[in-house]
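Visitor: Heads up: the sequence shown begins at 717 in my numbering, then just goes up one per residue.
Note that the Cβ used here is the ideal one computed from N, Cα and C, for glycine as well.
Computed from a predicted model, the values in this text were never measured in an experiment.
Structure incoming, see below.
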Amino acid sequence: MTHHSTGKTLLLGIDLGTARTAAVSSRQHRVLVSSVVGYPKDIIGVKILNRTQVIGAEAIDRRAYLDLYHPLQGGVLKEAGDKELEAAHELLKHVIERCEPRAGERIHGIIGVPARATAANKGQLLKIAGELMDVAMVVSEPFMVAYGQNRLNNAIIIDVGAGTIDVCAMRGAVPGTENQASIPKGGAYIDRLLESAIRDAYSGVHLDRYLAQALKERFAFVGQPERRAVVGMRVNGKPVELDITDAVRVTCETIVSDIVEQIKQMVLLFDPVSQGEALLNLVLAGGGSRIRGLGPMIEAGLREYGEARVTPVEDPEFAGASGALKLATELPPEYWDQIGEKVGG
């Protein structure tokens, strides 16, 4: 396809995630933000900050005097109050601004959502996107990954996000709902389990969800540990070195059997001649693709089906957003509604 856009349009690919939001633009911007918006609890917070909101990692760092809003849960907009919707709007607006649109430029964006997001979720997101962009479309995240990796036939995408794990069978067409599944256990689920496991092992330990998430991101593995996970923490106010290796392994391994079972279901969608090829074409994406040992453990779980091969994407933080940008670049907007739901024109 010819590249149709002129200098008058800024194209964006956005992966709106529960933990992080990634965006790439047709002018080579790469933006990665924690999906959290913080508002000062009171006038003291406003004074310390000298502004009325903070977005991303800085909000988490300053959480002692902020009310934090996570506008996405399970990878979709929270069906919640106005403050959550306002936070979602602010997050998306922030990401678009970081891509530096120029005066008078049209903004066309493709946004990824979890495989089985409901019509209501998509509608809500499109409404916000329509306020901030001239044309916006939502498509399934694993499809964006597949498009970006050029794995459009006889492949299975496993997108391990914070809110959901999406598994998608790519069979040479835009995947419908029957070709996709969302497992409601992702990185955030592991964070909660890890927080509990560390508390159970060491009473009096000082820990919250953000620290649990940071520890998971640093140490996550399944199977045999390459090294012990030993970390300096505070127990009853005193600094102590804690070994959290077993807690990390046990909690990370909780997602493996669900993934393996879902792949087995997806394999059945392919005709028998293609099933072997699909099993050699398992693509592991999302932040969770960084869990050490996950690919080999999935392969081992599929042994009875013959040889399986899991290939992690090279750039997990941006694989979805880059696929969305590639789609926006190659497909003129008038065809977008054949792929997903769109707003604007």
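So the candidates are Ser990, Asp731 and His824; which of them puts its Cα closest to the Cα of Tyr1051?
Guide: Taking only the C-alpha atoms, the option nearest Tyr1051 is His824.
Visitor: Going by the beta-carbon positions, is the gap between Arg832 and Gln896 smaller than 9 Å?
Guide: For Arg832 and Gln896, yes; Cβs fall inside 9 Å.
Visitor: Just to confirm, are Gly903 and Pro1012 a CB contact at a threshold of 9 Å?
Guide: Result no, Cβ atoms of Gly903 and Pro1012 do not sit closer than 9 Å.
Visitor: What are the boundary residues of the alpha helix (DSSP H) that Ile906 is part of?
Guide: Ile906 -> alpha helix (DSSP H) spans Gly903 to Ala917.
Visitor: Is the beta carbon of Val966 less than 9 Å from the beta carbon of Ile1014?
Guide: Cβ atoms of Val966 and Ile1014: not closer than 9 Å.
Visitor: If I follow the unbroken beta strand (DSSP E) through Met949, where does it start and stop?
Guide: Taken as a continuous stretch (DSSP letters only), the beta strand (DSSP E) holding Met949 covers Val946 to Val951.
Visitor: Please classify Phe937: does DSSP put it in a helix, a strand, or coil?
Guide: In this structure, Phe937 counts as strand in the three-state DSSP scheme.
Visitor: Measuring straight from C-alpha to C-alpha, what distance separates Ala928 and Glu993?
Guide: Their backbone Cα atoms lie some 38 Å apart in a straight line.
Visitor: How far does the alpha helix (DSSP H) with Gly1007 in it extend, from its first residue to its last?
Guide: It is Ile, not Gly, that sits at residue 1007 in the sequence shown. Where Ile1007 is concerned, there is no enclosing alpha helix (DSSP H), given that its DSSP letter is neither H nor E.
Visitor: Is Ile874 near Ile881, with beta carbons less than 9 Å apart?
Guide: Cβ distance < 9 Å, so Ile874 and Ile881 count as in contact.
Visitor: If Arg750 sits next to Gly772, beta carbons under 8 Å apart, how far is it from one beta carbon to the other, in whole angstroms?
Guide: Looking at the sequence itself, residue 750 is Ser, so the reference to Arg does not match. 5 Å between Cβ atoms; contact.
Visitor: Among residues of its own chain, excluding the 5 on either side of Gly877, which ones have a beta-carbon nearer than 8 Å to its beta-carbon?
Guide: Gly733, Thr734, Ala735, Gly791, Pro830, Glu857, Gly902, Gly903, Gly1002, Gly1003 and Gly1004, listed in sequence order.
Visitor: Got a sec, what are the start and stop residues for the alpha helix (DSSP H) Asp758 sits in?
Guide: Neither: Asp758 is in no alpha helix (DSSP H) and is coded neither H nor E.
Visitor: Assuming the contact rule is C-beta atoms closer than 8 Å, Leu793 and Leu841 should be a hit. Round their C-beta distance to whole Å, please.
Guide: Right, the Cβ-Cβ distance comes to about 6 Å (below 8 Å), so this counts as a contact.
Visitor: For Ala1035, does the three-state DSSP call read helix, strand or coil?
Guide: Three-state result, Ala1035: helix.
Visitor: Apply the 10 Å Cβ neighbour rule to His786 and answer buried if 16 or more other Cβ atoms are within range, or exposed otherwise.
Guide: By the 10 Å Cβ count, His786 comes out buried.
Visitor: Is it buried or exposed for Gly1022, if we count other Cβ within 10 angstroms and need 16 for buried?
Guide: Gly1022 is exposed by the Cβ-count criterion.
Visitor: List in chain order: all unbroken beta strand (DSSP E) runs of 3+ residues lying wholly within the stretch 747-815.
Guide: Fully enclosed beta strand (DSSP E) runs of 3 or longer: 753-756 and 782-785.
Visitor: The alpha helix (DSSP H) spanning Asp962 covers which residue range?
Guide: Element bounds for Asp962: Thr961 to Cys968.
Visitor: Could you have a look at Glu957 and say whether DSSP puts it in helix, strand or coil?
Guide: If DSSP states are grouped into helix, strand and coil, Glu957 belongs with the strands.
Visitor: Could you check where the alpha helix (DSSP H) with Ala871 kicks off and where it finishes?
Guide: Run containing Ala871: none in the alpha helix (DSSP H); it sits in the beta strand (DSSP E), Asn869 to Val876.
Visitor: Who are His824's beta bridge partners in DSSP?
Guide: Answer is Leu727 and Val851, bridged to His824.
Visitor: Could you tell me the distance, in whole angstroms, from the CA atom of Ala963 to the CA atom of Ala913?
Guide: Each residue's Cα considered, the two are about 6 Å apart.
Visitor: List the DSSP bridge partners of Met886.
Guide: The partner list for Met886 (beta bridge, DSSP) reads Ala871.
Visitor: So Ala897 is in the beta strand (DSSP E); what residue range does that whole segment cover?
Guide: Note, Ala897: beta strand (DSSP E), Gln896 to Ile899.
Visitor: Would you kindly work out how many angstroms separate the C-alpha atoms of Tyr905 and Asp974, rounded to a whole number?
Guide: Approximately 13 Å between the Cα atoms of the pair.
Visitor: Are there three or more Cβ pairs, one per stretch, closer than 8 Å when the stretch 977-995 is compared with the stretch 951-960?
Guide: No, the stretch 977-995 is not in contact with the stretch 951-960.
Visitor: State the DSSP-derived secondary structure class of Asp1047, mapped to helix, strand or coil.
Guide: Just to set this straight, residue 1047 is Leu in the shown sequence, not Asp. Correct three-state label for Leu1047: coil.
Visitor: Taking buried to mean at least 16 other C-beta atoms within 10 Å of its own C-beta, is Ala1044 buried or exposed?
Guide: With 16 or more other Cβ atoms within 10 Å, it is buried.
Visitor: Tell me whether Asp916 is buried or exposed, calling it buried when 16 or more other Cβ atoms sit within 10 Å of its Cβ.
Guide: Its Cβ having fewer than 16 others within 10 Å, Asp916 is exposed.
Visitor: Do Asp1053 and Met849 have their C-beta atoms closer together than 9 Å?
Guide: No, these two residues do not count as a Cβ contact at 9 Å.
Visitor: Work out the CA separation of Phe935 and Arg943 for me, nearest whole Å.
Guide: Whole-angstrom Cα-Cα distance: 9 Å.
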